[in-house]
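Chemist: Protein chains in written order, with full-length UniProt numbering: chain W, 1 to 304; chain B, 1 to 304.
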DNA sequence: GTTTATAATAAGGTTATACTTATAATAAAC
DNA sequence: GTTTATTATAAGTATAACCTTATTATAAAC
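1. Could you pull out every residue in the same chain whose Cβ sits closer than 8 Å to the Cβ of residue 25 of chain B, ignoring the five residues on either side in sequence?
2. Could I get the ranges of all uninterrupted alpha helix (DSSP H) runs contained in the segment 117 to 176 of chain B, with 4 residues as the minimum, in chain order?
3. Secondary structure at residue 241 of chain B, three-state DSSP: helix, strand or coil?
4. Given this structure, state the Cα-to-Cα distance separating residue 78 of chain B from residue 164 of chain B, to the nearest angstrom.
5. Taking only beta-carbon atoms, is residue 279 of chain B less than 8 Å away from chain W?
6. Can you tell which of W:197, W:213, W:254 has the C-alpha that lies nearest to the C-alpha of residue 229 of chain W?
7. So is residue 29 of chain B buried or exposed if we call it buried at 16+ other beta carbons inside 10 Å?
8. Relative to the C-alpha of residue 65 of chain W, which candidate in W:201, W:222, W:56, W:49 has its C-alpha closest?
9. Among all the DSSP beta bridges, which residues are the ones paired with residue 94 of chain B?
10. Who are the neighbours of residue 59 of chain B on chain W, taking C-beta pairs under 7 Å?
11. Anything in chain B within Cβ reach of residue 176 of chain W, meaning under 7 Å, just list it in chain order.
12. Only counting the same chain, and skipping five residues up and downstream in sequence, which positions put a Cβ closer than 7 Å to that of residue 219 of chain W?
13. Do you know offhand how far residue 106 of chain B's Cα is from residue 245 of chain B's?
14. Looking at the secondary structure, which residues open and close the beta strand (DSSP E) in which residue 222 of chain W lies?
15. Suppose you measure from the CA of residue 191 of chain B to the CA of residue 239 of chain B; what does that come to, to the nearest Å?
16. Let's see if you can read the secondary structure: which residues bound the beta strand (DSSP E) around residue 274 of chain W?
17. Which runs of the alpha helix (DSSP H) fall wholly inside the UniProt domain "HTH lysR-type" (4 to 61) of chain B and span at least 4 residues, in chain order?
18. Excluding sequence positions up to five away, which residues of its chain have a Cβ less than 7 Å from the Cβ of residue 270 of chain B?
19. Do we get a CB-CB distance below 8 Å when we pair residue 20 of chain W with the residues of chain B?
20. I'd like to know whether the C-beta of residue 46 of chain B is nearer than 8 Å to at least one C-beta of chain W.
21. Who are the neighbours of residue 63 of chain W on chain B, taking C-beta pairs under 7 Å?
22. According to DSSP, what are the bridge partners of residue 257 of chain W?
23. Residue 167 of chain B and residue 205 of chain B - do their beta-carbons sit closer together than 8 Å?
24. Please name the residue in B:142, B:126, B:208, B:87 whose C-alpha comes closest to that of residue 119 of chain B.
25. Can you name, in chain order, every residue of its own chain whose Cβ lies under 8 Å from the Cβ of residue 276 of chain B, other than the five neighbours on each side?
26. How many whole angstroms separate the CB atoms of residue 122 of chain B and residue 102 of chain B, which I take to be in contact at a CB cut-off of 8 Å?
27. For residue 262 of chain W and residue 221 of chain W, what's the separation of their Cα atoms in angstroms?
28. Under 8 Å between C-beta atoms, does residue 94 of chain W make it to chain B?
29. Let me know if residue 184 of chain B comes out buried or exposed under the rule of 16 or more other beta-carbons within 10 Å of its beta-carbon.
30. Which two residues bound the contiguous beta strand (DSSP E) that contains residue 193 of chain W?
As structure tokens, then:
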């Protein structure tokens, strides 16, 4: 087991470069005996002579040449490491691990793209999962941040809202209610609603809304993706309630219409969430700030 | 300027591997506070936290992950280095820098081949030059060993003879003296001799011999290569005196004949030479021993 | 020979390193 | 709540790391 020190390697490199103990001592602001000692210790450590002494000149031995190569390589690694760590400090580089719930997938990539555009060198790992999985990833500390609708009441979680999440009623373009304005909520009582699985934030918001208005609605097909609901609504199987963000495309192309029901859109909020006490990386922190300050504005702009 | 130690990296690696200070302490046969300290120092050095502490669990930070990569790379370098140095020690590997005078080129490669065959992993750099250049390389410490005929009287040089170097008189096969035996030296007085340049070891040995026998010979063409002399002798331009080793091929194929002159062959010796006080590498030393102990025998064998 | 340049060696001292033990703090598990 | 598992902190210590100055040894240059 050899116990060499980085100091020894550093001194050795200097001597090997100058082929002189005295020059090395000058360079390192040491006395010559100090250099002699370091080299001696290094030679003792590896049990091989590193220099040959012929007259006043010294030469590298075969072992010395070999060691020099490795020593240089290690120095390079250390230098690279220093740069890498400095970059991390300065946020010139870094990795953002983030998970978003499925519905957020309709706008999160857009925001991430903007963020990456601003902070070159930041790499992002985006995971899209259902609410349950996202929460597990949070508690397992697998991710820095999460974006979701309703934050859990769990005390181990910090969350903050950063953008409105308007829930709208969508219908196929040929639906009779599409022509009407200020549709009373009561009118929805006759309609069939396609709903997300229970436990979904959208689903519970919807149920709370109708409960508040004392309305019983028909629940049609129950699916676990918003995508399926959009398809089903287009096919005329019923109405849907969903985050307006998730339906931008279909609304724009006219495949779906928003019904102007009184009390809608239900304004909920997107939240950025992290495990409590988690020390956010500078990148994660920057993204969190970015969301809080600019997400709403950016999403608004992109609509126009 | 960051002053981290290999110890810190080693401890860090262990903690990163176990994701536990206590497990790392066990592995390293330390107490847990000792580990805490090393990590703390490391974190102070790089001014970045390496671990996150969430509850009783710890996790690597981004910086920690980054550092781990570099740390592992450095450890690998060190391990590789250790192996390389061990190989050097054990002569499993190594480089032999050797120069030989031109005339030795007729047998030196053969010996080197045998040597390399025995010590796999040894690489050889063989340089063939005239005596003067070889000596310069020796004093400049560019080579480990040299092979030459007459070693210089220089006190800075260690030399030892390892093999006979018989100088013979060669003639073209149709030369009248070829049929005779025990030719008296006097008979050569009428012959023309093709000679090497003055300063050559062969040339001076020849001159000493004829001077001792008080014979004046005719000197024909003077060249700086033995090869040219062999060609000239075959062409009938005169006789030659040269190391028998350099003419093996021509003798075997009958293109040249050895004249059985009294007092011949003149026995001189091949010497292995190194700069005084030079600490020979294990490979160089092994080759030197190899020459002293086995070269003569091997050359003898190869003749048959 | 003397001078000059270089490295080795010896002696000594300060500091920092790398631990230890003991105890406190924290959070998870029960 | 109590217990258990973990890390942090504090205080103390032996030692080795690292350097200095002073001197010696060596060989090259003059």
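Ideal Cβ placement from N, Cα and C applies to all residues, glycine included.
Modeler: Reading off the structure:
1. Within the same chain, residue 25 of chain B has close Cβ partners 31, 32, 34, 35.
2. Counting whole runs of 4 or more residues, the segment 117 to 176 of chain B contains the alpha helix (DSSP H) stretches 131 to 139.
3. The answer is strand: DSSP assigns residue 241 of chain B an E or B state.
4. Using only the alpha carbons, I get a separation of about 47 Å.
5. Yes, contact with chain W.
6. Ranking W:197, W:213, W:254 by Cα distance to residue 229 of chain W puts W:197 first.
7. Burial call: exposed.
8. Among W:201, W:222, W:56, W:49, the Cα nearest to that of residue 65 of chain W is on W:49.
9. According to DSSP, residue pairing for residue 94 of chain B in a beta bridge involves B:122.
10. Correct list: 141.
11. Counting only Cβ-Cβ distances below 7 Å, residue 176 of chain W has no contacts in chain B at all, with the closest Cβ about 55 Å away.
12. Excluding residues within five positions, the ones whose Cβ falls inside 7 Å are 193, 195.
13. Taking the straight line joining both Cα atoms gives about 6 Å.
14. First-last of the beta strand (DSSP E) with residue 222 of chain W: 218 to 223.
15. Between residue 191 of chain B and residue 239 of chain B, the C-alpha separation is close to 7 Å.
16. Counting along the chain, the beta strand (DSSP E) containing residue 274 of chain W begins and ends at 266 to 275.
17. For the UniProt domain "HTH lysR-type" (4 to 61) of chain B, the continuous alpha helix (DSSP H) assignments of 4+ residues that do not extend past its boundaries occur at 6 to 18, 21 to 28, 32 to 46, in sequence order.
18. Excluding the 5 residues flanking it on each side, residue 270 of chain B has same chain C-beta neighbours closer than 7 Å at 104, 147, 149, 161, 162, 163, 165, in chain order.
19. No - not a single Cβ of chain B is within 8 Å of the one on residue 20 of chain W.
20. It does: the Cβ of residue 46 of chain B has a partner Cβ on chain W nearer than 8 Å.
21. Ordered by position in chain B, the residues that pass the 7 Å Cβ test against residue 63 of chain W are 85, 88.
22. Bridge partners of residue 257 of chain W: W:171.
23. For residue 205 of chain B and residue 167 of chain B, yes; Cβs fall inside 8 Å.
24. Residue 119 of chain B has its Cα closest to that of B:87, out of B:142, B:126, B:208, B:87.
25. Answer for residue 276 of chain B: 155, 156, 157, 158, listed in chain order.
26. With a contact defined as Cβ atoms closer than 8 Å, residue 122 of chain B and residue 102 of chain B miss out at about 24 Å.
27. If you take the alpha carbons of residue 262 of chain W and residue 221 of chain W, they lie about 24 Å apart.
28. Yes, residue 94 of chain W counts as interfacial toward chain B.
29. With fewer than 16 Cβ atoms within 10 Å of its Cβ, residue 184 of chain B is classed as exposed.
30. Start and end: 192 to 196.
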